[in-house]
Amino acid sequence: MGAEDDPSASLKTLAAPVKSAVDKFQLLPAFLKVRGLVKQHIDSFNYFINHDIKKIMKANDRLVCRYDPDLCLRYTNIYVEEPSVDMDFSVEKLTPHLCRLSDRTYAAPIKVDIEYTKGNQANKKPEIKRGLVIGRLPIMLRSCRCVLSGKDEAELAKLGECPLDPGGYFIVKGTEKVILIQEQLSKNRIIIDTDSKGRVTASVTSSTHETKSKTVFFIDKDKIYLQLNQFIKPIPIMVIMRAMGMESDQEIVQMVGRDPRYGTLLLPSLQECASERIYTQQQALEYLDGKVGSANSARSGNRKEGLARAILLDVFLANVPVNQGNFRPKCIYASVMLRRMMDAILNADTFDDKDYVGNKRLELSGQLISLLFEDLFKSMNSFALELLNRAYEHASRSSPLDFVHYIKQDYITNGLEKSIATGNWDVKRFKMHRKGVSQVLSRLSFIGALGSMTRISPQFEKTRKVSGPRALQPSQWGMLCPCDTPEGEACGLTKNLALMTHVTTDEEEGPLISLCHSLGVQDLALLSAEELHAPGSFLVIFNGLILGKHRQPQRFANAMRKLRRSGKIGEFVSIFVNEKQHCVYVASDGGRVCRPLVIADKGISRIKEHHMKELRDGVRSFDDFLRDGLVEYLDVNEENNALIALYEYENDKDDSEKEKDDVKRSSITHIEIEPFTILGVCAGLIPYPHHNQSPRNTYQCAMGKQAMGNIGYNQLSRADTLLYLLVYPQRPLLTTKTIELVGYDKLGGGQNATVAVMSYSGYDIEDAIVMNKSSLDRGFGRCIAMKKYTVVKETYSNGTSDAIVRSNKEKVGSNMQILDDDGIAAPGEIVRNHDVLVNKFTPRNTRDRVSRDIDYKEAPSKYKGPEGETTVIDRVILSSDTNDKLSIKFIVRHTRRPEVGDKFSSRHGQKGVCGTIVQQEDFPFSERGICPDLIMNPHGFPSRMTIGKMIELLGGKAGVSCGRFHYGSAFGEPSGHADKVEDISYTLVKHGFSYSGKDFIYSGITGYPLQAYIFMGPIYYQKLKHMVLDKMHARAKGPRVMLTRQPTEGRSRDGGLRLGEMERDCLIAYGASMMIFERLMLSSDPYQVQVCRQCGLLGYYNHKLKAAFCSMCKNGDNISTMKLPYACKLLFQELQSMNVVPRLKLTEA
Amino acid sequence: MPRVSALDMPDVPMGQLPEHLQLQRTRVVCKADAPIHTEAIQYSGAYASMGVDNSLRLESFCKNFKIEVIRLTEDEMEFDMIGIDASLANAFRRILIAEVPTMAIEKVLMVNNTSVIADEVLAHRLGLIPLNADPRLFEYLLENDSPNERNTIVYKLDVSCRKGGPRMTVKSDQLKWLPNGSELEMEPPNQSAKPKSYTSFSCSQDSMPEFSKKPLGMKHEDIIIAKLGPGQAIELEAHAVKGIGKVHAKWSPVSTAWYRMLPEVVLLKDIKGDDAEKLVKKCPVNVFDIEDLGNGEKKATVSKPRACTLCRECIRGVNEELVELRRVKDHFIFTIESAGALPPEVLFTEAVKILEDKCDRVISELS
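Next comes the structure, spelled out in structure tokens:
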């Protein structure tokens, strides 16, 4: 191995003074180059394009005409090209940025090679056609088919792409869509659990390419039953065993295990079977035929015979393959399930935990798209076949029947595009109806975009009030971020990946199975029931399938691991010896979460200093570390066989200290690469998160996504509907390693503000902050809000279209001042509310055919924005949209300086609004003349316990005084990735500050010193997207709803402020009756009605005759006028329309 | 025995405060946890019972008030202001920051801007550039005034980056002074009217004696305004007017102006031997020194109390109070960092004049 390769190097390291530990940090950037962050999305998508799509094609590669078996089509190859679009009979390559700007889908053609025969052809020699397009597949950015893959920074810049953008999302109709990682219970595995009634159940969710089914065994009143959807009633388990050919009770008991306790537990079930008088396979199958559900029997035309056998073959434990009707593997599988159930009854510890991460699989975009594609491909084929069959029936046979004509590309193209655009995954074949699978990529901040790509959407619905799945799982360690989860209903269910997590993709099973056999696994077929659970031997289970048993499980596991470490088998294959269940689990399926760890021999890391040097010199890559067996991936299950140390033992530790540790050094098998990688991307931004109260970190994870800053190097050429940018974003003074790894130091989301922690002016209560006006003048917290307005030049069915006309600018006071000569507003112009953006005219007649002299009417598109604010047209983009209509996009820019009420937050979940803005001369200043940018109230600290923020302040202060960025990575103190407070204090003292960071401050108002030392220094502050300007609202008179004549609702409609029920209660309680009357009647919807005193119904006033009239009584004799809310009158009339007659009885009239 | 007030005891000197009160009155004592006696005692009769007059008398103020300039460079000045109350020193500081007028770019007429930097941001950046123009030679541009040579300075920026060339940086020296006023023409209200420029200068500024020698340029030539990519260009005209820092920080004549009270470090006891060396080592700014007493004995002394930054290392975590850190309440070390329009000493006299004006105004309003 690597260590032995170079004797001189190892000698040198031996001779060198003993170093405490090797700095393994450099492994992280090397890892992130190949895996991690969003690479799992890309990997899974690449897997789909390169392997899965071919498998799907192979599974459905033949189409044969119903009437003529010679008329057939066979797919021979399928492949995905680079993204392109057909434009006027020429193929043009697409770039992602072009798609974003012109609302296109970044999709590539899926091409197939086919062999097919044409109808009524003399020689039935198959024709070969290559490169037939069957549809367009949206392409994930940075995947292997994307134009961006493998490009360097300069080339990316040329394509208009940000080099820091991680990719991993799709562009559908111009919007960026992420397919969220879906969390699921693992397929094809036995899960022992209790159901809602408290019964012990063993369930297997089988999933193969052909079928999906769920098999449940449960114990009811000591008897075991099978529940399968195909059977109407639970079936006694022994009947099933009989039906599968296990006619001997003894063999069944032997198969479960010889322990007499198992026999006792099985007895009631055996007795029940006997009482049903079922002794033979034939009897059992007949019994089962009677229990098959009507839906199934109807399908096969009321032939019940043989149905049960088919169900047992295809549906029952569908993941266990049946060769030539041999039920033996299924029997064994069922018996293992029974055995595990018995174990669970005898020993409650052996229940499986559904929340255990090892029992979960993450479905990534590749798998989800593959599901969709499979369905669409099958549908497309059957649709094509259907068309062909129909054509065969009707064909006049003038032209030969050609398969190619019936393969419609739109089917797959539209299906994929629609699903990704809406996020609705409807696969009828698998009864899958999932909503919200894809989301719009949030581009509010760079971190927000990254964060939404590592998000895992939960398997449970959010409304369930359960604590189990929401709790932090110990097995989550290192795989899923413990901090990053939303607050509220999805708390704990929606999770995020940690920094070093990788999600596996499927791996070829065949070679692994044969490898297992050659390593001494005894095949099931050769084992008798008795031998199955012989003491000392372990069952070997491969991807949920029982392969056989092995007498020396540890040796087998070691051999497998050795092969994995030497790169002979895939690095993501996991081998897990379960001592409790006497099983060895080998897994190579996709969707397992795993992470890299340094391998240690008896507690000594295999990575030595010279390896790291080679890495730093660029000679060694992360894959070399894997290949040389220095690092390996462990999944959650295999972690249970490992003893992982946080740090390598230090050699200079004395013996007494060693004894204190509760684990022996020699038993350590692995060492963490860096402890801060247990956090995800969002939590990685927080400096010193391990000093904070944990919910604060969670709050920051949510808030970091709302912080403004830079979102990418291409931010100014993007056309997002809403974009917030900071004018002068900064890199945090107190950084973490994660920040550097993800590129947050290049695309910052905040500014370093000098903060004084003191109370000032009383406008700082409830977390409000006081800001220095001069700081704001100089550009602190200044931001740009860009909004997109789209105007489409519509074309109509009769061939007419809108016209955009040059305006007469000279008119003084017109709202057409900003129009250019082409009738479209010019970039750089200041645009005010109600200004015309496009001087558009629409034809009056859009339906009938008009020859010429089209009559137009004015239809200018006006800008609607806040009154009194100067917004500027930043850019105008003319492009054609998907329907080939001209669309004009205006990017309107508004630069804002902070004002009272704008929301700010530090990186420690400490949000606050700006309470007041104070002149600089009134601000306190220090002995060195430093004046803070903002003042924070010290009451923010005691209850929040954000010590990390205090250390950030100290570290920032030390950083500015010594000119070095300080670090605050999580748990970084021992490994030197976080500066210790002691060292920071030392730096502070060296530069003449107090060790505690507290300064002697003079009041800016009185000029005298303050009677306390003030904790002051720089803290990184984020400006959050919630700004007063977007929210403030007031109205006096304004628009009303047509129907009820009441004021409109909501800020966007300039709505009224509702005097609600509770406010009304207050007024009643207070007795302000006239006030209520005014609010609810006069200020709302007063209306005068004519009421007929006789019939009590509403009449009307005839303005011609100048008389009121009751249309019920047909006279106007007893009419009186009264006032009531219009909504009330409306209610009466609506009731009348439903045959309810409300009559008004007037006491005074 | 007849009762006698403690103050009437023969050993209490009349007309002079006892030591501890005198300390309270004249010094801020910076304890380890918090400073005490930070405020001055304002009431004139506060010590009347001790026969001490606490009132401020003009004669004594005139006699005692002193200014000693410590350091004076082009942009920076440090001076000691002795014998004055903090409220007055603070008034000068506040006036310096917020009320001494300067010239700064207020209006930017954008002709063309194809750079990445937005118009508003560019205008904001231009505003913050310090101008080398004496504000005393200008008048305020009032609301109904038209901009003329007495109240407006016009600059022009016309840069473009050659296509195919490298990127370029636009620096402040590329802003060119237009002594004849604006060169841009307003859109005429009707076609017959003569086009008017945005300013109405009656004469060229460089013909005026005040400016003919000293052109109204930038204070610093190397301030980055924008960066241009190939093919991008900026063309604009910037109008600078007079204003004060209260309105916007760009008009503040100082980067900052502040004072600190004179540090006084007192050794309460003799510190000798190792303790002395320890104390000397503790201080990061070398306030203490060691005096050789001969015969090998060493004693700590306070050599540079002025350097004390109040890091409080010398009094941190010590059980016995050996050192006391104090601030002299009526001795201010005043620092003015000029932004460049005026030299710092002129700024201070300007500030004094403004305070004088204010006082005059108060007096005239009262009488």
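Residue numbers (numbering that gives the first Met the number 0), protein chains in the order written: chain A, 0 to 1148; chain B, 0 to 366. From the three backbone atoms N, C-alpha and C, an ideal C-beta is built for every residue, glycine too.
For P1008 of chain A, the neighbours in chain B by C-beta distance under 8 Å run, in chain order, V27, P34, T37, M260, R326. At a Cβ-Cβ threshold of 7 Å, I670 of chain A and A556 of chain A do not count as neighbours. Considering only beta carbons, the part of the stretch 83-100 of chain B lying closer than 9 Å to chain A consists of D84, A85, S86, L87, A88, N89, A90, R92, R93, I94, L95, I96, A97, E98, in chain order. Contact annotation: the stretch 876-885 of chain A does not touch the stretch 752-772 of chain A, with fewer than three C-beta pairs closer than 8 Å. At a cut-off of 7 Å between beta-carbon atoms, Q714 of chain A makes no contact with chain B.
Counting along the chain, S565 of chain A sits inside no beta strand (DSSP E), nor does DSSP assign it H or E at all. When secondary structure is reduced to three states using DSSP, E38 of chain B falls in the coil class, being assigned neither helix nor strand. A Cβ-Cβ separation of about 6 Å places S1002 of chain A in contact with P923 of chain A under the 8 Å criterion. Per DSSP, the continuous alpha helix (DSSP H) segment holding G126 of chain B begins and ends at 118-126. Within the stretch 238-259 of chain B, the residues whose Cβ lies closer than 8 Å to some Cβ of chain A are G244, K245, H247, A248, K249, S251, T255, A256, W257, Y258, R259, listed in chain order. P262 of chain B and H907 of chain A have their C-alpha atoms some 37 Å from each other. Residues of the stretch 265-285 of chain B with a Cβ closer than 7 Å to any Cβ of chain A, in chain order: P283, V284. Within the stretch 166-230 of chain A, the beta strand (DSSP E) runs of at least 3 residues that lie entirely inside it are, in chain order, 169-171, 174-178, 180-184, 189-193, 199-206, 211-219, 222-226. DSSP lists A:D112 as the beta-bridge partner residues of N76 of chain A. Apart from the 5 residues on each side of it in sequence, R339 of chain A sits with its Cβ closer than 8 Å to the Cβ of I189, I191, A201, T349, Q580 in its chain, given in chain order. Interface residue (Cβ-Cβ distance to chain A less than 7 Å): T72 of chain B is not classified as such. By the C-beta density criterion, Y258 of chain B is buried, having at least 16 other C-beta atoms within 10 angstroms. In this structure, F575 of chain A lies near Y584 of chain A, with their beta-carbon atoms less than 7 Å apart.
Assignment of K377 of chain A by DSSP, reduced to helix, strand and coil, places it in the helix class. Close CB contacts of R874 of chain A within its chain, under the 7 Å cut and outside five residues either way in sequence, are with P826, I890 (chain order). K792 of chain A and S1082 of chain A have their C-alpha atoms roughly 41 Å apart. One finds nothing in chain B with a Cβ atom closer than 7 Å to the Cβ of I916 of chain A; even the nearest lies about 12 Å away. For E209 of chain B, no Cβ of chain A is located within less than 7 Å of the residue's own Cβ. Rounded to whole angstroms, the separation of the alpha carbons of L312 of chain A and Q323 of chain A is 10 Å. Boundaries of the beta strand (DSSP E) harbouring R594 of chain A: 592-600, taken from the DSSP string.
Relative to the Cα of L177 of chain B, the nearest Cα in the group B:H19, B:N147, B:G272 belongs to B:N147. Rounded to whole angstroms, the separation of the alpha carbons of S995 of chain A and P1017 of chain A is 14 Å. The beta-carbon of E119 of chain B is placed less than 7 Å from the nearest beta-carbon of chain A.
The count of Cβ pairs closer than 8 Å, one atom from the stretch 63-76 of chain B and one from the stretch 101-121 of chain B, stays below three, leaving the stretches out of contact. Taking the CA atoms as reference points, K54 of chain A sits about 39 Å from Y712 of chain A.
The C-beta distance from L127 of chain B to K328 of chain B rounds to 36 Å, too long to fall under 8 Å, and the pair is not in contact.
Comparing alpha-carbon positions, the option among B:I335, B:K268, B:L125 lying closest to L174 of chain B turns out to be B:L125.
Taking the C-beta atoms as reference points, S268 of chain A is found nearer than 7 Å to I236 of chain A. Using a CB distance below 7 Å, the part of the stretch 890-924 of chain A facing chain B consists of R892, T894, Q918, Q919, E920, F924, ordered along the chain. Contact annotation: R848 of chain A and N797 of chain A have beta-carbon atoms nearer than 7 Å. With respect to L363 of chain A, Q39 of chain A sits close: the two C-beta atoms are nearer than 7 Å.
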